[in-house]
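*Asks:* Protein sequence lines, in the order shown, are assigned to chains A and B.
Everything in the first sequence is counted per our numbering, starting at 16 for the first residue and increasing by one.
Everything in the second sequence is counted per our numbering, starting at 457 for the first residue and increasing by one.
Don't be surprised by glycine CBs; every beta carbon is placed ideally from N, CA and C.
Have a look at this one.
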Amino acid sequence: MSHNIDNFRKFLEKKSRGIRINRKEGKAFWEVSTKGEATYTGFLEFAYSTKSSGDYVYLDRSTAFDIVNRLNWMESKIRSLIKRERIMILLLIASSTIAVLGWLT
Amino acid sequence: MSSLRPLVNRFKEELDKRFIGNESIKSILVLNLLHKRSTILIRAPRGTGKSTLMLLILKGLFGDDFVVISGASEVRRGEVVGRLHIPSLEKKGIEKVLWARFIEAQGKGIDEVNRLNPYTTANIHHLMQFGEVWAYGQKYTIGDYTLIANENPNDSTTFMQPPPFYDRFDIAVYLNSLSISQKFALQEFNEKNGHDLVGSMPHVMSFEELSQIRREVEETELDPEIIGFINVLIRDFQICIKGKEHSNMPLPVLCEGCHFTRFVCSRIREPPSERATIVLLQLAKAKKWLDGNVEEKDILEMAKWVLVHRTSLLNSEKPLKEIDELIEMEKERMFERESRKQWFILNELYSGFNPSLYRTAKEIAAEDNVFAEELFLLEEKWVKEGKISREETLKAELGFE
Numbered sequence: 016m017s018h019n020i021d022n023f024r025k026f027l028e029k030k031s032r033g034i035r036i037n038r039k040e041g042k043a044f045w046e047v048s049t050k051g052e053a054t055y056t057g058f059l060e061f062a063y064s065t066k067s068s069g070d071y072v073y074l075d076r077s078t079a080f081d082i083v084n085r086l087n088w089m090e091s092k093i094r095s096l097i098k099r100e101r102i103m104i105l106l107l108i109a110s111s112t113i114a115v116l117g118w119l120t
Numbered sequence: 457m458s459s460l461r462p463l464v465n466r467f468k469e470e471l472d473k474r475f476i477g478n479e480s481i482k483s484i485l486v487l488n489l490l491h492k493r494s495t496i497l498i499r500a501p502r503g504t505g506k507s508t509l510m511l512l513i514l515k516g517l518f519g520d521d522f523v524v525i526s527g528a529s530e531v532r533r534g535e536v537v538g539r540l541h542i543p544s545l546e547k548k549g550i551e552k553v554l555w556a557r558f559i560e561a562q563g564k565g566i567d568e569v570n571r572l573n574p575y576t577t578a579n580i581h582h583l584m585q586f587g588e589v590w591a592y593g594q595k596y597t598i599g600d601y602t603l604i605a606n607e608n609p610n611d612s613t614t615f616m617q618p619p620p621f622y623d624r625f626d627i628a629v630y631l632n633s634l635s636i637s638q639k640f641a642l643q644e645f646n647e648k649n650g651h652d653l654v655g656s657m658p659h660v661m662s663f664e665e666l667s668q669i670r671r672e673v674e675e676t677e678l679d680p681e682i683i684g685f686i687n688v689l690i691r692d693f694q695i696c697i698k699g700k701e702h703s704n705m706p707l708p709v710l711c712e713g714c715h716f717t718r719f720v721c722s723r724i725r726e727p728p729s730e731r732a733t734i735v736l737l738q739l740a741k742a743k744k745w746l747d748g749n750v751e752e753k754d755i756l757e758m759a760k761w762v763l764v765h766r767t768s769l770l771n772s773e774k775p776l777k778e779i780d781e782l783i784e785m786e787k788e789r790m791f792e793r794e795s796r797k798q799w800f801i802l803n804e805l806y807s808g809f810n811p812s813l814y815r816t817a818k819e820i821a822a823e824d825n826v827f828a829e830e831l832f833l834l835e836e837k838w839v840k841e842g843k844i845s846r847e848e849t850l851k852a853e854l855g856f857e
């Protein structure tokens, strides 16, 4: 990149005005400073910024796929947990019945 | 505030009074007259006023000191470029060239440019490209000028003028026929002015005043955000991640399997030249000079007239409608870019490599080919510096290595 990119950097810096970056445990977080109430709408800001977002949040396709994958994983996890919970309830009922019968006799 | 702005506003008012209808193109016409070597192409069917509009502009800027050549007649080299001064040749044996008035005049008009013979077109193309003309081995350097041409694209006797010739025109505007109320307004104006629309147009500014305006416009500084917006917009129309510019494979075959088919690039057969960027920058400066500010929405409105004649579209039946749709797509895309804060991430990456931000940038690049292109350049630098391996670059992941 030997060409002069001073004006390009000026453009990028102008576009970055009001955004501050923080790094914590190898992860980058950024904050959008806005006058009055926070009104940004990007999903990445919603996830990473510490400030509140606007009423509508938009997300790109790759992030949407990521979220769908996580939802699917969570749903399968919930299903397996429900199964375990039912087994535990059945075991509890069975053991309680045995205990009650033992007490009566 | 420049003391010359009222002159431009008066010129527009006088033009408005006489050229009724077609409101959307008048502002862009006026703005395009405010930079040096201004060229305009007016496209319209027969009888919609394209010659009248050309004459009104030339009269308003140059009074009676302008020259119009007609493509429909058999224009000769002597009328367009120059002819030999016979007495000098006979008496002294010197080849003295008498340059044509068309070459010398600051106001130039070409009626029905698509009927010009290829030889004359080549001369005018050279004039527009290099600012000079040649005849009998002698060169004439052209100063500042305004050139307005018109054509009826449906004309059956049309020559196929080469696309680079049309690319030399800063903007191309399309005229529509008049509505009923507009017809009434035109008839009334004609009644009051003795049916001499062009004759009634006053000479609004001198050439010195126009030159001063053009100097001031040239010196106007634009905000980096506006310059960036123009560069990104034109790049969107030019970019092809599959190398369309150097491929013999036609569209849409080339786009098969491409990740970016939902963008404007997939609907552009041949992209606009870099001149589109230059013209948009000039128009933005003119808007700022005249109105005190220029915004992104102004750039999108102006882009239509800058792109329509220098972009070869896949769907070319209705070029204006297609360009409108592409610009609408661009509006959404620019909004998405703002939401993603992608320029901020790129700025951070320019300041220094950060693995976490690089991962985010890779995700963004999958949604934006213009951003991807810039990331490729940074990746190249990081690979050389040993910060990342070539295998883990986005370019390698997308299979462009």
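Excluding the 5 residues preceding and the 5 following Arg789(B) in the sequence, name in chain order all residues of the same chain whose CB lies nearer than 6 Å to its CB.
*Replies:* So the list is empty, once near-sequence residues are dropped.
*Asks:* Counting along the chain, where does the beta strand (DSSP E) carrying Ala591(B) start and finish?
*Replies:* Per DSSP, Ala591(B) belongs to the beta strand (DSSP E) from Glu588 to Ala591.
*Asks:* DSSP puts Ile498(B) in a beta bridge; with which residues?
*Replies:* DSSP lists Asn606(B) and Val629(B) as partners of Ile498(B).
*Asks:* If you follow the beta strand (DSSP E) that Ser526(B) is in, where does it begin and where does it stop?
*Replies:* Counting along the chain, the beta strand (DSSP E) containing Ser526(B) begins and ends at Phe522 to Ser526.
*Asks:* For Ser17(A), does the count of other Cβ atoms within 10 angstroms reach 16, so buried, or fall short, so exposed?
*Replies:* Note on Ser17(A): pLDDT 47, under 50, position unreliable in the model; the coordinate value appears next. Exposed, because fewer than 16 other Cβ atoms sit within 10 Å of the Cβ of Ser17(A).
*Asks:* Are there 16 or more other CB atoms within 10 angstroms of the CB of Ala528(B), so buried, or fewer, so exposed?
*Replies:* Result: exposed.
*Asks:* Candidates Gly505(B), Asn579(B) and Leu736(B): which alpha carbon is nearest Leu678(B)'s?
*Replies:* For the residues Gly505(B), Asn579(B) and Leu736(B), the minimum Cα distance to Leu678(B) belongs to Leu736(B).
*Asks:* Closer than 8 Å by beta-carbon distance: list the chain A residues that pair up with Tyr806(B), in chain order.
*Replies:* Under the 8 Å cutoff, chain A gives Arg24 and Leu27.
*Asks:* I need the DSSP call for Arg99(A), collapsed to helix, strand or coil.
*Replies:* Of the three classes helix, strand and coil, the one that applies to Arg99(A) here is helix, per DSSP.
*Asks:* Could you name the residues of the same chain whose beta carbon sits closer than 7 Å to that of Leu106(A), not counting the 5 residues immediately before and after it, in chain order?
*Replies:* Cβ neighbours of Leu106(A) beyond the five flanking positions: none.
*Asks:* Which stretch, first to last residue, makes up the alpha helix (DSSP H) that contains Tyr806(B)?
*Replies:* Where Tyr806(B) is concerned, the enclosing alpha helix (DSSP H) stretches over Gln798 to Ser807.
*Asks:* Whose C-beta lies closer than 8 Å to the C-beta of Val536(B) among residues of the same chain, with five residues either side of it excluded?
*Replies:* Excluding residues within five positions, the ones whose Cβ falls inside 8 Å are Ile525, Ala556, Phe558, Ile559, Thr576, Asn579 and Ile580.
*Asks:* Kindly list, in the order they appear in chain E, the residues whose Cβ is closer than 7 Å to that of Asn465(B).
*Replies:* Looking for chain E here will not work: the only protein chains present are A and B.
*Asks:* Which partner residues does Tyr63(A) have in the DSSP bridge list?
*Replies:* In DSSP, Tyr63(A) forms no bridge with anything.
*Asks:* What does Leu850(B) reach in chain A if we use C-beta pairs closer than 9 Å?
*Replies:* The contacting residues do not exist; Leu850(B) stays about 12 Å from chain A at best.
*Asks:* Starting from Tyr73(A), find everything on chain B with Cβ-Cβ shorter than 8 Å and list it in chain order.
*Replies:* Within chain B, the residues near Tyr73(A) are Glu792 and Ser795.
*Asks:* Would you mind telling me which residues of chain A sit closer than 7 Å to Gly563(B), beta carbon to beta carbon, in chain order?
*Replies:* None at all; the shortest Cβ gap to chain A is about 35 Å.
*Asks:* Quick check on Asn22(A): buried or exposed, where buried means 16 or more other Cβ atoms within 10 Å of its Cβ?
*Replies:* With fewer than 16 Cβ atoms within 10 Å of its Cβ, Asn22(A) is classed as exposed.
*Asks:* Can you tell me whether Arg670(B) is buried or exposed? The criterion is at least 16 other CB atoms within 10 Å of its CB, across all chains shown.
*Replies:* Classification of Arg670(B): buried, given that the 10 Å Cβ count is 16 or more.
*Asks:* For chain A, is any of its Cβ atoms less than 8 Å away from the one on Ala822(B)?
*Replies:* With 8 Å as the cut-off, Ala822(B) counts as an interface residue toward chain A.
*Asks:* Opposite Leu540(B) in the DSSP bridges: which residues?
*Replies:* For Leu540(B), which the question treats as bridged, DSSP gives the partners Val553(B).
*Asks:* Please name the residue, chosen from Arg35(A), Glu60(A) and Ser111(A), that lies closest to Tyr71(A) on a Cα-to-Cα basis.
*Replies:* Minimum Cα distance to Tyr71(A) is reached at Glu60(A).
*Asks:* Suppose you measure from the CA of Met103(A) to the CA of Ser722(B); what does that come to, to the nearest Å?
*Replies:* The straight-line gap from Cα to Cα measures roughly 58 Å.
*Asks:* Is Leu763(B) near Leu805(B), with beta carbons less than 8 Å apart?
*Replies:* No, Cβ-Cβ distance for Leu763(B) and Leu805(B) is not below 8 Å.
*Asks:* According to the Cβ coordinates, are Phe615(B) and Asn570(B) closer than 8 Å?
*Replies:* Cβ distance < 8 Å, so Phe615(B) and Asn570(B) count as in contact.
*Asks:* Under a CB-based cut-off of 8 Å, is Glu819(B) close to chain A?
*Replies:* Yes, contact with chain A.
*Asks:* Just verifying my parser: in three-state terms, what is the DSSP assignment at Val115(A)?
*Replies:* The answer is helix: DSSP assigns Val115(A) an H, G or I state.
*Asks:* Exposed or buried, which one is Ile93(A) when buried takes at least 16 other CB atoms within 10 Å?
*Replies:* With fewer than 16 Cβ atoms within 10 Å of its Cβ, Ile93(A) is classed as exposed.
*Asks:* Gly57(A) by DSSP, collapsed to three states: which one?
*Replies:* Here Gly57(A) sits in strand by DSSP.
*Asks:* Asn606(B): buried (16+ other C-beta within 10 angstroms of its C-beta) or exposed?
*Replies:* Per the 10 Å Cβ criterion, buried.
*Asks:* Would you mind telling me which residues of chain A sit closer than 7 Å to Ile683(B), beta carbon to beta carbon, in chain order?
*Replies:* Within chain A, the residues near Ile683(B) are Asn22 and Phe26.
*Asks:* Taking 8 Å as the threshold, find out whether the stretch 742-751 of chain B comes into contact with the stretch 690-710 of chain B through three or more Cβ pairs.
*Replies:* The answer is no - the stretch 690-710 of chain B does not touch the stretch 742-751 of chain B, with fewer than three Cβ pairs under 8 Å.
*Asks:* Cα separation between Asn478(B) and Phe832(B)?
*Replies:* So the alpha carbons of these two residues sit roughly 45 Å apart.
*Asks:* At a cut of 8 Å, does the stretch 586-605 of chain B reach the stretch 631-641 of chain B through at least three beta carbon pairs?
*Replies:* Because the criterion of three Cβ pairs below 8 Å is not met, the stretch 586-605 of chain B and the stretch 631-641 of chain B do not touch.
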